[in-house]
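Following: one structure in structure tokens, then a few remarks.
There are 2 protein chains.
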Amino acid sequence: MGMMDHTASISTATPLDLLRSEMRRRALDGFVVPRADEHQGEYVPPSAKRLAWLTGFTGSAGVAVVLDDAAAVFSDGRYTLQVREEVDTDRFETRHITDDPPSGWLRRMVSAGQRIGYDPWLHTPDDVRRMGDAVTAAGGELVACRDNPLDAVWPDRPDPPMSAASVYPVELSGRVGLDKRREVAAVLERDGEDAAVLTLPDSIAWLLNVRGRDLPCTPVVLSFAVVYRDASVDWFVEAEKVGAEVRAHLDSGVRVRLREDFVPVLQEIGAHGGAVRVDPASVPAAVTDILRASGAKISRGGDPTLLPKACKNAVELDGFRRAHRHDAVALARFLAWFDAHGAGLTEKDLSDRLLECRREQPGFVGPSFPTIAGAGPNGAIVHYHVRPETARILNRGEVFLLDSGAHYREGTTDVTRTLAVGEVEPEIRRNFTLVLQGNIDLALAVFPKGTTGSQLDALARRWLWAAGLDYDHGTGHGVGAFLSVHEGPQRIGKAPNMVALAPGMVVSDEPGYYKTGAYGIRIENLLAVRTVEGGERPMLGFEALTLVPVDRRLVVAEMLLPEQRDWLNAYHARVAEVVGPLLDPATASWLAEATRPI
Amino acid sequence: MGMMDHTASISTATPLDLLRSEMRRRALDGFVVPRADEHQGEYVPPSAKRLAWLTGFTGSAGVAVVLDDAAAVFSDGRYTLQVREEVDTDRFETRHITDDPPSGWLRRMVSAGQRIGYDPWLHTPDDVRRMGDAVTAAGGELVACRDNPLDAVWPDRPDPPMSAASVYPVELSGRVGLDKRREVAAVLERDGEDAAVLTLPDSIAWLLNVRGRDLPCTPVVLSFAVVYRDASVDWFVEAEKVGAEVRAHLDSGVRVRLREDFVPVLQEIGAHGGAVRVDPASVPAAVTDILRASGAKISRGGDPTLLPKACKNAVELDGFRRAHRHDAVALARFLAWFDAHGAGLTEKDLSDRLLECRREQPGFVGPSFPTIAGAGPNGAIVHYHVRPETARILNRGEVFLLDSGAHYREGTTDVTRTLAVGEVEPEIRRNFTLVLQGNIDLALAVFPKGTTGSQLDALARRWLWAAGLDYDHGTGHGVGAFLSVHEGPQRIGKAPNMVALAPGMVVSDEPGYYKTGAYGIRIENLLAVRTVEGGERPMLGFEALTLVPVDRRLVVAEMLLPEQRDWLNAYHARVAEVVGPLLDPATASWLAEATRPI
Numbered sequence: 292m293g294m295m296d297h298t299a300s301i302s303t304a305t306p307l308d309l310l311r312s313e314m315r316r317r318a319l320d321g322f323v324v325p326r327a328d329e330h331q332g333e334y335v336p337p338s339a340k341r342l343a344w345l346t347g348f349t350g351s352a353g354v355a356v357v358l359d360d361a362a363a364v365f366s367d368g369r370y371t372l373q374v375r376e377e378v379d380t381d382r383f384e385t386r387h388i389t390d391d392p393p394s395g396w397l398r399r400m401v402s403a404g405q406r407i408g409y410d411p412w413l414h415t416p417d418d419v420r421r422m423g424d425a426v427t428a429a430g431g432e433l434v435a436c437r438d439n440p441l442d443a444v445w446p447d448r449p450d451p452p453m454s455a456a457s458v459y460p461v462e463l464s465g466r467v468g469l470d471k472r473r474e475v476a477a478v479l480e481r482d483g484e485d486a487a488v489l490t491l492p493d494s495i496a497w498l499l500n501v502r503g504r505d506l507p508c509t510p511v512v513l514s515f516a517v518v519y520r521d522a523s524v525d526w527f528v529e530a531e532k533v534g535a536e537v538r539a540h541l542d543s544g545v546r547v548r549l550r551e552d553f554v555p556v557l558q559e560i561g562a563h564g565g566a567v568r569v570d571p572a573s574v575p576a577a578v579t580d581i582l583r584a585s586g587a588k589i590s591r592g593g594d595p596t597l598l599p600k601a602c603k604n605a606v607e608l609d610g611f612r613r614a615h616r617h618d619a620v621a622l623a624r625f626l627a628w629f630d631a632h633g634a635g636l637t638e639k640d641l642s643d644r645l646l647e648c649r650r651e652q653p654g655f656v657g658p659s660f661p662t663i664a665g666a667g668p669n670g671a672i673v674h675y676h677v678r679p680e681t682a683r684i685l686n687r688g689e690v691f692l693l694d695s696g697a698h699y700r701e702g703t704t705d706v707t708r709t710l711a712v713g714e715v716e717p718e719i720r721r722n723f724t725l726v727l728q729g730n731i732d733l734a735l736a737v738f739p740k741g742t743t744g745s746q747l748d749a750l751a752r753r754w755l756w757a758a759g760l761d762y763d764h765g766t767g768h769g770v771g772a773f774l775s776v777h778e779g780p781q782r783i784g785k786a787p788n789m790v791a792l793a794p795g796m797v798v799s800d801e802p803g804y805y806k807t808g809a810y811g812i813r814i815e816n817l818l819a820v821r822t823v824e825g826g827e828r829p830m831l832g833f834e835a836l837t838l839v840p841v842d843r844r845l846v847v848a849e850m851l852l853p854e855q856r857d858w859l860n861a862y863h864a865r866v867a868e869v870v871g872p873l874l875d876p877a878t879a880s881w882l883a884e885a886t887r888p889i
Numbered sequence: 292m293g294m295m296d297h298t299a300s301i302s303t304a305t306p307l308d309l310l311r312s313e314m315r316r317r318a319l320d321g322f323v324v325p326r327a328d329e330h331q332g333e334y335v336p337p338s339a340k341r342l343a344w345l346t347g348f349t350g351s352a353g354v355a356v357v358l359d360d361a362a363a364v365f366s367d368g369r370y371t372l373q374v375r376e377e378v379d380t381d382r383f384e385t386r387h388i389t390d391d392p393p394s395g396w397l398r399r400m401v402s403a404g405q406r407i408g409y410d411p412w413l414h415t416p417d418d419v420r421r422m423g424d425a426v427t428a429a430g431g432e433l434v435a436c437r438d439n440p441l442d443a444v445w446p447d448r449p450d451p452p453m454s455a456a457s458v459y460p461v462e463l464s465g466r467v468g469l470d471k472r473r474e475v476a477a478v479l480e481r482d483g484e485d486a487a488v489l490t491l492p493d494s495i496a497w498l499l500n501v502r503g504r505d506l507p508c509t510p511v512v513l514s515f516a517v518v519y520r521d522a523s524v525d526w527f528v529e530a531e532k533v534g535a536e537v538r539a540h541l542d543s544g545v546r547v548r549l550r551e552d553f554v555p556v557l558q559e560i561g562a563h564g565g566a567v568r569v570d571p572a573s574v575p576a577a578v579t580d581i582l583r584a585s586g587a588k589i590s591r592g593g594d595p596t597l598l599p600k601a602c603k604n605a606v607e608l609d610g611f612r613r614a615h616r617h618d619a620v621a622l623a624r625f626l627a628w629f630d631a632h633g634a635g636l637t638e639k640d641l642s643d644r645l646l647e648c649r650r651e652q653p654g655f656v657g658p659s660f661p662t663i664a665g666a667g668p669n670g671a672i673v674h675y676h677v678r679p680e681t682a683r684i685l686n687r688g689e690v691f692l693l694d695s696g697a698h699y700r701e702g703t704t705d706v707t708r709t710l711a712v713g714e715v716e717p718e719i720r721r722n723f724t725l726v727l728q729g730n731i732d733l734a735l736a737v738f739p740k741g742t743t744g745s746q747l748d749a750l751a752r753r754w755l756w757a758a759g760l761d762y763d764h765g766t767g768h769g770v771g772a773f774l775s776v777h778e779g780p781q782r783i784g785k786a787p788n789m790v791a792l793a794p795g796m797v798v799s800d801e802p803g804y805y806k807t808g809a810y811g812i813r814i815e816n817l818l819a820v821r822t823v824e825g826g827e828r829p830m831l832g833f834e835a836l837t838l839v840p841v842d843r844r845l846v847v848a849e850m851l852l853p854e855q856r857d858w859l860n861a862y863h864a865r866v867a868e869v870v871g872p873l874l875d876p877a878t879a880s881w882l883a884e885a886t887r888p889i
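As given, the protein sequences belong to chains D and A, one line each in that order. So for the first sequence, this note's numbering puts the first residue at 292; every next one is plus one. So for the second sequence, this note's numbering puts the first residue at 292; every next one is plus one.
Here you go:
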């Protein structure tokens, strides 16, 4: 009955109204609602979609700030249009998160004496410092909330995900957990630390050799962990997630503990005066608050699993190669069908068909990210996602930009091809070739040990630059081994990144060109960093993992340098040799044509 | 008589002994002696060569730390050999300044309760903080010395330089001082600052349109200045340096003040609570100490003249072009003579001859840095400087690396050529061509506005990288307009640099290759950044200022890409066209041959 009354009373109240009355109940004048959850990842489970519940905004990055008499949603350039479609702009201002950030808005809008709340589990310490500086400058006070006031008034809030963890066997991971933990422990030993807090689900999945299904597109369970200098681990995870098989797989150095024990264990480490390593880029402020309050010494050394996780071992690289062979079969089947039947279908039809082709492959688990399938002008929207109601029909004379990927048990793929539908304009072919030249030059690069992705970025852009063109995204991101398709710490892009490329790292090579309102071009392969012998110094280079033909009809052969043409022909010869024998006769004959030398 | 006694008593005491007794007199247990003076520049006048007087070490970077019972000289990799030759290693340890820095040495060597002195005019605040942390960690105290104890015991210390400042006329500078000061004042206005302290002599020279002769190779007077938000300047400079002509040239917004007034003026600004901008990279700690103590708000915004000084205006660029024509005539005359007579002469003979050729040119002022003239294996020593006693004879079959430059009233040059003497091995020609390909690719680069030198660096290296080779120095530095030949804030190199290249900046393009014990190769042109029209976005590129033939005999023509060969032939055609008519017939005929197409 009480429940019924409650439901009735809220039926006309919006989430914003509900949050505001809860704020008043707690004597708060404001509250900050980020898109992030405790794990600061790309995806959050339905139970953590607080920003979407409150504002309607479903983008993958953003934050809302609610005051008694004003509210704003902050998002980045990718979502400028979407945020206005999804959010009630009578009740929420919409702001650009970097040009007009929440800190500046707080500084302007907060009045002296006001108390602005935040949930310290959902923000990093640097976030909190920035907000705190702003609120303090305005004469207010930033207040950490012990429990989240929004959660208290969110009716029918979904339950947190509770997927069962699964074993990721050493036949695929290449290293037993103990071996990985010893490597991490050696870092702690070297840096004089007693423990490291891990809050990134893929770090924990890598370290323990487990996977899960708590999130879309990222095969992890949500949990926390603490690694100690003796190479043991406390894993804080709901008991339901850890079945008998996983328990049997974990050695005695991994203690499975209740999620509720996480905070007491942090306090205990602090009480012993332990030195604790955290990653300032992702640690919740709650964790550093608790550590500091209990007496721990905090070291901002970063997540110690990032670098070893990024450098794939020989078994993982073999897995990547097998996953890419499966994916190449799926893509070849899709592309052969596309050439015959693609024109006139919608973006949705096409991406559904691609998913079907992947589902047929052994070891396929699911997409590694939502497919970007942009026909004609939609290809120029860099973060375009098909929605059934807006899916465009692909016309002759256009190009189709298709960026997709899959998780297989052995590894993860991410491939973009730009496909001609009938005859396309010479301008498109010219710009496609400039993009291809950059893609090939990066793939061909040889560079000394110690070189970062920032240093190589220009190699992928210089052909476009010479024509007065460029693209506004990075050139390459790291890719996890049946983990996150976007993985650090290395990155190829214009912004400085201090992490050197190292053997075994997998990175994407994806230059592009986008003409607003007209067409988009991107060509993406995954590359594995390998050593190159014979140099005067230790040198590195790349091995192409992706085995999918580049649309020859879009290549202006005369523009290619001899070494670029040689690379393309050798690449296509390898695709034909490796993938051809795995195909049905009709697809094999399509592939033979698609991989002819130019 | 007293004087005679003093001299007699010190005749057996070394500088180290003298400093130690002065330390004891002042109750200091240690003292730090850097190579730097108050202006943190590349050159110091004889009066500031404290490190050389104390230790014998004459390198351009380093520091000594003297304790009662130990002393060490710290220098970088360029000087590893030299420091051991010059310094009495029985009395001074020699250390690598980055691998084993003074802070670590202080931490190990200082005992609890010890007082370590330093001269706050000779260190930046960050330097002082690092030293202070180390000394405090060891239980000691770092003490700022009001006057320098070393100066107190340095007999016959040279007088500070007292060159007369000269007018740099608007016909050469392109902008009157008031206009430049208004630009700086607008930066202060924007950033809410009342004044900026300038301590870099070339910043002051640029701002006031004056030059001087207080230092070798850099045409400046040593002085300090404060620029105010109203675009006026206090210039703190010895009266002897400012003659009637300069006084007449300065408008009423420039107040020539005694150097002794510098500190009182800083204190006065502080007493008014002024916000003062300093450059943390170069400001003496004494300045920030005085400002802070007197109540000023310190803003670490950087020297506001650096960026406008780096972006040469049209008049300055024209001056650079004229200077490079003069320099090209000198180089052509030298190179023609070198081809006929170079073999068998010493590095010293050759660099003397080059200087003679430059002296004949109108407007020649002096070298812009000490010539690097390395024959055969000496070319592989990146910072090699000829000393008469060690000058090597140039043999047939070797290459000669010649890196030199000059100041002309209109502008500054810096050019490196690597020259064949007779037939050289194919390996040298191959590696020369790889270096040349990088040099050309950088010169050919087109890139979007906002691109930094760090982003372009790989273009100059990738041909070497592909062959397993590299070089251990930057690719390009800025060059001042009849100012310092090494000028910031932009830089082309592996290390991240956040300053975008902008139209009018002059940078060197100088990839190289060095085979220890065998030979060195470097090819250096100066380039001016220019806008490139016709792009979809605002694009930039380069104009080559240097007009000196590249040794065709070292080029393996078949290795060049068509666009590289075209660039080289067009470059040589331009050299022939511009420089040829300025030459005597014999040199002109040499140049015609040296610039034939390949």
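Just so you know, even glycine gets a beta-carbon here, dropped at the ideal spot from N, CA and C. From a predicted model like this one, the values you see are computed outputs, not experimental measurements.
Close beta carbons around residue i, own chain, < 6 Å, minus the five adjacent residues each side
i: residue 723/A; result: 812 and 845
i: residue 687/D; result: 634, 712 and 713
i: residue 622/D; result: 839
i: residue 293/A; result: Because residue 293/A carries a pLDDT of 38, less than 50, the predicted location of this residue cannot be relied on, and the following value inherits that uncertainty. No residues qualify anywhere along the chain.
Beta-carbon spacing of residue i, residue j below 9 Å
i: residue 570/A; j: residue 597/A; result: yes
i: residue 496/A; j: residue 519/A; result: no
i: residue 367/A; j: residue 352/A; result: yes
Chain D contact residues for residue i, given Cβ-Cβ distances below 7 Å
i: residue 759/A; result: 825, 826, 827, 828 and 830
i: residue 852/A; result: 852
Partner residues on chain A for residue i, Cβ-Cβ distance less than 9 Å
i: residue 785/D; result: 741, 742, 743 and 746
i: residue 737/D; result: 753, 756, 757, 758 and 759
Neighbourhood of residue i by C-beta distance below 7 Å, restricted to the same chain and skipping five residues each side
i: residue 553/A; result: 515 and 527
i: residue 875/D; result: none
i: residue 444/D; result: 309, 310 and 313
Secondary structure of residue i, DSSP reduced to three states
i: residue 296/D; result: For residue 296/D, the pLDDT reaches just 45, beneath the cut-off of 50, and the residue's location in the model is therefore unreliable, although a value from the coordinates is still provided. Of the three classes helix, strand and coil, the one that applies to residue 296/D here is helix, per DSSP.
i: residue 805/A; result: strand
i: residue 439/D; result: coil
i: residue 777/A; result: coil
Contacts that residue i makes with chain A (C-beta to C-beta distance below 8 Å)
i: residue 845/D; result: What residue 845/D touches in chain A: nothing, since even the nearest Cβ is about 19 Å away.
Contact set for residue i: own chain, Cβ-Cβ below 8 Å, skip 5 residues either direction
i: residue 506/D; result: 332, 334, 335, 336, 452, 492 and 513
i: residue 255/A; result: Since the first and last residues shown for chain A are 292 and 889, residue 255/A lies out of range.
i: residue 476/D; result: 518, 519, 520, 521 and 522
Closer than 7 Å at the beta carbon, the chain A residues around residue i
i: residue 749/D; result: 746, 747, 749 and 750
Expected contact under 8 Å - CB spacing of residue i and residue j to nearest Å
i: residue 814/D; j: residue 704/D; result: About 15 Å separates the two Cβ atoms, so there is no contact after all.
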